[in-house]
Each structure stands twice: as C-alpha cells, then as structure tokens.
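>
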Amino acid sequence: MSEQTFRLLLKSTYEESEKVPDFVTDIQERSNIDDDTTGTLMLLLSEAVTNAIVHGNKLNPSKTVDVEVRINQKQIVSTVKDQGEGFEPEEADNPLDEENILKASGRGIFLMKQMSEHVEYDENGTKLRFILKR
Numbered sequence: 001m002s003e004q005t006f007r008l009l010l011k012s013t014y015e016e017s018e019k020v021p022d023f024v025t026d027i028q029e030r031s032n033i034d035d036d037t038t039g040t041l042m043l044l045l046s047e048a049v050t051n052a053i054v055h056g057n058k059l060n061p062s063k064t065v066d067v068e069v070r071i072n073q074k075q076i077v078s079t080v081k082d083q084g085e086g087f088e089p090e091e092a093d094n095p096l097d098e099e100n101i102l103k104a105s106g107r108g109i110f111l112m113k114q115m116s117e118h119v120e121y122d123e124n125g126t127k128l129r130f131i132l133k134r
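Counted from 1, the sequence shown has number 20 at position 20 by the numbering used here; the numbering is strictly sequential.
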C-alpha cells in the first residue's frame with residue numbers, strides 16, 4: 001500500500017468539529033485500518049480539533065483548522081494546524097493532579113501522549129502532530 005493522504009478544512013465552530021467522525025469513518029473505509037486504531041484516531045483527532053477550535057482559534061469562525069492524516073503500511077501521521085497565537089504544551093495542567101481531577105476539560109494533551117507513539121508541537125504551538133502505529 002502506498003501512502004494515502006486525507007485532508008479536512010474546518011471553520012472554528014463547534015458545529016464544524018462534528019465533521020470529524022465522518023472524516024475518520026471515511027478514512028477507515030478507504031484505508032482498511034482496524035476498529036481499535038480507528039477508535040483511537042477518532043478520539044485523538046476529536047480532542048486535537050476541539051483544542052484548535054476553542055483554545056487556538058478562540059471560536060473565531062473566520063479562522064480555520066487544517067487536518068491532515070497520512071497513512072502508510074506502518075503508521076498513521078495526523079497533523080492539526082490552527083491560526084491561533086500558539087501555546088506552550090508543557091504549561092498545560094496535569095489532569096491527574098488532585099485540583100484538576102474533577103474538571104470537565106483538560107485531558108486532550110494527556111490522552112494524546114498516552115495513546116499515541118509520538119506527539120509533537122511546532123515551535124509556535126499552532127501545529128500538533130501525533131503518530132499511531134498500524
């Protein structure tokens with residue numbers, strides 16, 4: 001199998017984030033990834049897109065979130081880029097700390113680090129990339 005590339009461009013609204021499940025389902029159907037990997041991809045892309053829309057672009061519908069998923073025989077490389085001011089991922093609260101454990105949000109970065117092979121941000125903090133093994 002040669003590398004396949006899938007792209008999705010979203011406006012920064014909650015409604016646009018609802019396109020992620022159909023996007024991932026289409027990827028699964030066209031690239032034959034297993035259900036477990038699809039579930040992980042669905043969760044992590046949903047978290048990354050929500051973070052980009054809410055925290056990166058501040059729900060500004062004139063700003064976009066660009067999602068790219070590249071798949072080859074060994075791995076799935078997902079990139080989510082927003083048009084925000086960026087952030088320092090090291091400064092994100094630890095969701096396992098006692099004062100954060102009951103918060104309704106704040107687990108996205110933690111989940112990405114726990115469930116993927118590799119997570120990285122560009123130097124500006126506006127582009128996230130995570131890798132899943134096939």
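Every residue gets a Cβ at the ideal spot worked out from N, C-alpha and C, and that includes glycine. Predicted model, so just to flag it, every value in this text is computed and none were measured.
Is DSSP giving Arg134 helix, strand or coil here?
Coil, per DSSP.
> The alpha helix (DSSP H) that contains Thr38, what's its start and end?
Thr38 -> alpha helix (DSSP H) spans Asp35 to Asn51.
> Taking C-beta to C-beta, are Arg7 and Glu47 nearer than 8 Å?
Not in contact: Arg7 and Glu47 (Cβ atoms no closer than 8 Å).
> Which value, in whole angstroms, describes the spacing of the CA atoms of Gly56 and Gln73?
Their Cα atoms are separated by approximately 32 Å.
> Determine the DSSP secondary structure at Leu111, reduced to helix, strand or coil.
The answer is helix: DSSP assigns Leu111 an H, G or I state.
> Apart from the five residues on each side of it in sequence, which residues of its chain come closer than 6 Å, Cβ to Cβ, to Thr5?
Within the same chain, Thr5 has close Cβ partners Arg70.
> Consult DSSP for Thr126 and reduce its assignment to one of helix, strand or coil.
In this structure, Thr126 counts as coil in the three-state DSSP scheme.
> Identify whether Thr79 lies in helix, strand or coil by the three-state DSSP scheme.
Correct three-state label for Thr79: strand.
> Cα-Cα, which of Asp34, Val77, Glu3 and Leu10 is closest to Thr50?
Nearest of Asp34, Val77, Glu3 and Leu10 to Thr50, Cα basis: Leu10.
> Decide if Lys113 is buried, meaning its Cβ has at least 16 other Cβ atoms within 10 Å, or exposed.
With fewer than 16 other Cβ atoms within 10 Å, it is exposed.
> Across which residues does DSSP place Thr5 in a beta bridge pair?
According to DSSP, which records beta bridges pairwise, Thr5 is partnered with Arg70.
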